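Down below is the structure, laid out as structure tokens.
Protein chains: 2
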Amino acid sequence: MTSRLLLEYDGSAFAGWASQPGQRTVQAEVERALRVVLRRDAVPVTVAGRTDTGVHALGQVASYAGPPAPVSGLNALLPDDVAALSCVAAADGFDARRDATSRAYCYRVLARRGRAGLDRGRALWWPHRVDFDALSECARALVGTHDFTAFTPTDTDHVRFSRDVYTAEWRRSAIDGVRERLEFWIEADAFMRQMNRVVVGTMLEVGGGRRTLEDFVALLAGRPRAEAGPTAPACGLYLVGVGYGGERVLT
Amino acid sequence: MTSRLLLEYDGSAFAGWASQPGQRTVQAEVERALRVVLRRDAVPVTVAGRTDTGVHALGQVASYAGPPAPVSGLNALLPDDVAALSCVAAADGFDARRDATSRAYCYRVLARRGRAGLDRGRALWWPHRVDFDALSECARALVGTHDFTAFTPTDTDHVRFSRDVYTAEWRRSAIDGVRERLEFWIEADAFMRQMNRVVVGTMLEVGGGRRTLEDFVALLAGRPRAEAGPTAPACGLYLVGVGYGGERVLT
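Put into structure tokens, the structure is as follows:
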């Protein structure tokens, strides 16, 4: 029997998803809670997106061999900064990582003069010049199949550097009614390590007039990492959701 | 010379806005930072909305006699959970409280089975039944001039219990792309202590089928506090912004 778990977490105090000796990780917390609830010695979980240190998740998906665990029981055992949203039976052999057909991420930017009073550690504070139209043009250029070699560390385990980007757009959201926030939304078949953060860091160079759109587009043809911009901080990045069977998260 | 200060704060760790001996308050932090930046012995500030313990602000407005302070200097002196967004010269004699013609608030509800992993202390977790249409009907009934006696504690300093509600609506927002959140947005000339929280607590009774819309509407005619519902937790409430000169915050 296979189960599918939907998780939300605040990445601030975690050394990312993947278990590492001596580090506080989301995987270790989730597996510990599952062991207690299911009364087993080990419940190894497979995850759709191995988020890095400090990256948040609104809709992470994990799978494990075993019956579904009650959400309330899991949440009572999980620490405050991780919550189970649902846990259901999945098709036998369901694998959250292998079966995922897309992942969607959001990167939040507070583009304003004053730092965050509320969203500390939840968004990048960007008190610099930023041209929303230039950002939007970069996003449009991202859609399609490109070689993202320039957007992941040189020291890499990845063997394939091409990714299919289904959706990419910058949104100005006024969710607060008054204060604006910039959000970059992207959905692709898969992402390489730090890829979203380097993409955002490089787009912000274009938005600030320090790099041209043409230069950004050229990077998408497999240029070396050194030619792209800086890695934007992890705190602004959210794994929004994971698509299965070709169903998209962002519509 | 009078200045006008726009503030954002996380109310979680504050005993509200107003200074109180031995308590950590937003007012005390702001006045302390202003004293240092302006090199004065005292800089008393007047605020548009005296938020209660635990209530957040996205756009609080305060005024003081003195020149504008540099935002970066203020933010360097303010604690992490308060930020100055702007500080500008105002018309002489401007009073953030007296001159305010409206205040807008938002109340956030996570209506779902699993508790918050990310928005801990930033929204009410409501794992109970809730009928969005019933909530919306309550909101519509709020618009106009009503006697809100039922929605503020009996032990009160208020002498006038009538308030003009300009806007009131529930929104289902899918800001996360996947996860839904319910938000109650309201703008009125002014609010009494705890008024928004009792309004929300009572609407959630209607949304859960434990109170009728007719009953809710009857409360708006000056019924006693005991007939209204519970006070919803402060953590879900945000002061969104303050209107001056008749200009509305919510449009």
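One line per chain: the protein sequences are A and B, in this order. Numbering (numbering that gives the first Met the number 0) for the first sequence: 0 to 250. Numbering (numbering that gives the first Met the number 0) for the second sequence: 0 to 250. All C-beta atoms, glycine included, are put in the ideal place defined by N, C-alpha and C. Remember, predicted model here, so these are calculated numbers, not experimental data.
Under a criterion of Cβ atoms nearer than 8 Å, the residues of chain B adjacent to A115/A are, in order, E7 and A82. Counting of Cβ neighbours within 10 angstroms places S62/A among the buried residues, the total reaching 16 or more. Neighbours of D79/A across chain B, judged by C-beta separation under 7 Å: R119. Unbroken beta strand (DSSP E) runs of no fewer than 3 residues, entirely contained in the region 98-151 of chain B, are found at 99-109 and 143-146, following chain order.
Runs of the beta strand (DSSP E) lying entirely within the region 51-105 of chain A and spanning at least 3 residues, in chain order: 55-64 and 81-89. In summary, H127/B is exposed, with fewer than 16 beta-carbon neighbours lying within 10 Å of its beta-carbon over all protein chains present.
Secondary structure of G235/B (DSSP, three-state): helix. Of the candidates D98/A, T24/A, M202/A and G65/A, the residue whose Cα lies closest to the Cα of R34/A is G65/A. At a C-beta separation below 7 Å, H127/A has no neighbours in chain B, since its nearest C-beta there lies roughly 13 Å away. Per DSSP, reduced to three states, the secondary structure at V42/A is coil, with no helix or strand assignment.
Under the three-state reduction of DSSP, T201/A is assigned to helix.
Bounds of the beta strand (DSSP E) holding L6/A are T1 to Y8. No Cβ of chain B is located within less than 9 Å of the beta carbon of S2/A. Three or more Cβ pairs drawn from the region 175-194 of chain B and the region 105-113 of chain B lie within less than 8 Å of each other, which places the two stretches in contact. Our two residues, E186/B and L249/B, have alpha carbons roughly 7 Å apart in a direct line. The C-beta of A47/B has 16 or more other C-beta atoms within 10 Å across all chains shown, which makes the residue buried. Our two residues, R38/B and F131/A, have alpha carbons roughly 39 Å apart in a direct line. Burial state of R247/B is exposed, judged by a 10 Å Cβ sphere holding fewer than 16 other Cβ atoms. Residues of chain B with a Cβ closer than 8 Å to the Cβ of S85/A are, in chain order, R112 and G113. The beta carbon of A189/B sits closer than 7 Å to the beta carbons of R102 and R162 from its chain, once the five residues preceding and following it are set aside; these are given in chain order. Of V199/B, Y237/B, L5/B and N195/B, the smallest CA-CA separation from A88/B is found for L5/B.
Look at S18/B here: in three-state DSSP terms it is coil, with no helix or strand label.
For V248/B, there is no enclosing beta strand (DSSP E), as DSSP marks it with neither H nor E.
Contacts with chain B at 9 Å (Cβ-Cβ) do not include V42/A. When the beta-carbon positions are compared, R210/A and F93/A stay at least 9 Å from each other. In this structure the region 6-19 of chain B does not lie against the region 225-236 of chain A, because fewer than three pairs of beta carbons, one per stretch, are closer than 8 Å. Each of Y8/B, V158/B and L219/B was checked against the Cα of G143/B, and the nearest Cα belongs to L219/B. Interface flag for V108/A against chain B is unset, since no Cβ pair is found closer than 9 Å. F190/A: not part of any alpha helix (DSSP H); DSSP gives it neither H nor E. For D154/A, the three-state secondary structure derived from DSSP is coil. Out of A68/B, L84/B and S71/B, the CA that lies nearest to the CA of G240/B is found in L84/B.
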